[in-house]
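There are 2 protein chains.
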Amino acid sequence: MHRSSFAKSLADLKSRGVRLTPQRQMILRYLKETHEHPTAEQIYHQVSQEFASISMATVYNTLHRLTELGVIRELSYGDMSSRYDGNDSEHAHLVCEVCGKVADVPCPPIERFTSPELFAHGYAVGSYRLEFYGHCPDCQQSGAGQRDSELN
Amino acid sequence: MHRSSFAKSLADLKSRGVRLTPQRQMILRYLKETHEHPTAEQIYHQVSQEFASISMATVYNTLHRLTELGVIRELSYGDMSSRYDGNDSEHAHLVCEVCGKVADVPCPPIERFTSPELFAHGYAVGSYRLEFYGHCPDCQQSGAGQRDSELN
DNA sequence: ATACATGCAAAGTATTTGCAATAAA
DNA sequence: TTTATTGCAAATACTTTGCATGTAT
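Structure (structure tokens):
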């Protein structure tokens, strides 16, 4: 038996002296338990059900703080709101350009696609992002495809 | 001698029946000639010098159209405005998280990092994006680092 | 000639901020 | 008790839209 990813992150944050308000715990738990890559809006909606008075400002505050602390990831896109990912292990994403759904895919270790030219620029690289864009199975069959709003 | 990337794209668009207004040509030329990955604002500013009456709406319209046509790429980020890339060949980016500067890096062919799991999801993948985040040489030495606004 | 692009100003959306009230440590 | 976080409302930043005018083909 191993502790949930949520419990692990929580302990980690506590040991780092991060203040753990109920709001933060709920947001973190939700992100660690879902695989949905929700938007701030969806997180707000979800967490509101248990904690009615929470505000969007707190949701955004918390998401930034957790991202900065490295326990979640922010995925930003040009034409839709950012999505948040509780899976902090190394992986890539499959993004549906029609409905916005995001799926996780395993990803080769970073060394696989780093080149000497990369280092030649002298950047101190801390992280990377690999994403594939396309149409998900649902949106391929339903000719027109559902909008970003409907499912995902 | 080979035709400039701009001339090539222009001919390509013409043959595809795309209406080539002076505004569009200027924006496209600028993007094909710079390696700066400018924002919409920067493009507007630059093109305004030759074509004073151009509007932001036209800049955005054009950027979307050109992206859709596949001759440029849009790079969106969470905390700053999108940047546009006239280099339509396969490559990755090095992004400075301090000043926002974006550099091109060669990138292995897509097959190098696709896995069976990727296909198992059934997505029809059309494109991908690979980005490395870190601190550029300039921002590493200048301890505090310049802000997104200053240089890049 | 005509469909499509432009430019303006107004609207929209996502996200951020200031600040007084509140609660975690 | 102290200092960071919350929640509200107002503000900002970026991007999009409606519509009358203009223009590339």
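Protein chains in written order, with our numbering: chain A, 1 to 152; chain B, 1001 to 1152. We treat Cβ as the ideally placed atom computed from N, Cα and C, and that holds for glycine. Bear in mind the structure is a predicted one, so any value in this text is a computation, not a measurement.
Using the Cβ count rule (16 or more neighbours within 10 Å means buried), how would you classify A/A7?
exposed
Listed from N- to C-terminal order along the chain, which residues in the segment 112-139 of chain A have their beta-carbon within a distance smaller than 7 Å of any beta-carbon of chain B?
R112, F113, S115, E117, L118, H121, G122, Y123, A124, V125, G126, S127, Y128, R129, L130, E131, F132, Y133, G134, H135, C136 and P137
So with Cβ pairs under 9 Å, would you call A/V97 a contact of chain B?
Per the sequence shown, residue 97 of chain A should be read as Glu rather than Val. Yes, A/E97 counts as interfacial toward chain B.
To be precise: take each residue of the segment 74-101 of chain A, compare its Cβ to all Cβ atoms of chain B, and keep it if any distance is under 9 Å. Which residues remain?
Under the 9 Å Cβ criterion, the segment 74-101 of chain A contributes E74, L75, S76, Y77, G78, D79, S82, A92, L94, V95, C96 and E97.
Does DSSP put A/P137 in a helix, in a strand, or in coil?
helix
Spell out whether any CB of chain B is found under 9 Å from the CB atom of A/A57.
no
Using the beta-carbon count (16 or more within 10 Å), is B/D1085 buried or exposed?
buried
Using only the heavy atoms of the ligand SAM, determine whether one of them is closer than 8 Å to the beta carbon of A/F119.
Of the ligands one can find in the structure shown there are none, so the ligand SAM has no counterpart to examine.
Over the uninterrupted beta strand (DSSP E) stretch that includes A/D85, give me the two end residues.
R83 to D85
Show which residues of chain A have a CB atom less than 7 Å away from the CB atom of B/A1103.
H121
Under 7 Å between beta-carbons, which chain B residues line up against A/P108? List them in chain order, please.
F1113
According to the neighbour-count rule (16 or more other Cβ atoms, all chains shown, within 10 Å of its Cβ), is A/I110 buried or exposed?
With fewer than 16 other Cβ atoms within 10 Å, it is exposed.
What does the alpha-carbon distance come out to for the pair B/G1134 and B/T1034?
When rounded, the distance between both Cα atoms is 22 Å.
Helix, strand or coil for B/T1114 per DSSP?
coil
When the Cβ atoms of the segment 115-130 of chain A are set against those of the segment 1086-1097 of chain B, are three or more pairs found closer than 8 Å?
yes
Our contact map puts B/H1037 next to B/L1075 with C-beta atoms below 8 Å; I'd like the distance itself, whole angstroms only.
7 Å
DSSP state of B/T1039, grouped into three classes?
Looking at B/T1039 - three-state DSSP - the assignment turns out to be strand.
Could you tell me which of A/S48, A/D104 and A/R129 sits nearest to A/T114, measuring between CA atoms?
The option with the nearest alpha carbon to A/T114 is A/R129.
Look at the alpha carbon of B/V1018 and the alpha carbon of A/I27, and state the distance between them as a whole number of angstroms.
47 Å
Beta-bridge partners of A/F132, as assigned by DSSP
A/L94 and B/Y1128
Same chain, Cβ closer than 8 Å to A/E90, neighbours up to 5 away in sequence not counted:
C107, P109 and I110
For A/K14, count the other beta carbons within 10 Å of its own beta carbon; 16 or more makes it buried, fewer makes it exposed. Which is it?
exposed
Buried or exposed, going by whether 16 or more other CB atoms sit within 10 Å of the CB of B/F1119?
exposed
Between the beta-carbon of B/S1082 and the beta-carbon of B/A1040, is there less than 9 Å?
yes
Where the beta strand (DSSP E) containing B/L1075 begins and where it ends:
Unbroken beta strand (DSSP E) run through B/L1075: R1073 to L1075.
In this structure, does DSSP put A/V102 in helix, strand or coil?
strand
Return the residue from the list B/V1071, B/I1072, B/L1066 and B/P1137 that minimises the CA-CA distance to B/S1099.
It is worth fixing the name first, because residue 1099 of chain B is Cys in this sequence and not Ser. Selected option, being the one with the closest Cα: B/P1137.
Could you compute how far the alpha carbon of A/G78 sits from the alpha carbon of A/A103?
The alpha-carbon of A/G78 is positioned some 18 Å away from that of A/A103.
Which value, in whole angstroms, describes the spacing of the CA atoms of B/Q1042 and B/E1050?
Straight-line Cα distance between these residues: approximately 14 Å.
Which of the three DSSP states, helix, strand or coil, is assigned to B/I1027?
Of the three classes helix, strand and coil, the one that applies to B/I1027 here is helix, per DSSP.
On the premise that A/I72 lies in contact with A/L31, defined as a C-beta separation below 8 Å, what is that separation, rounded to the nearest angstrom?
5 Å
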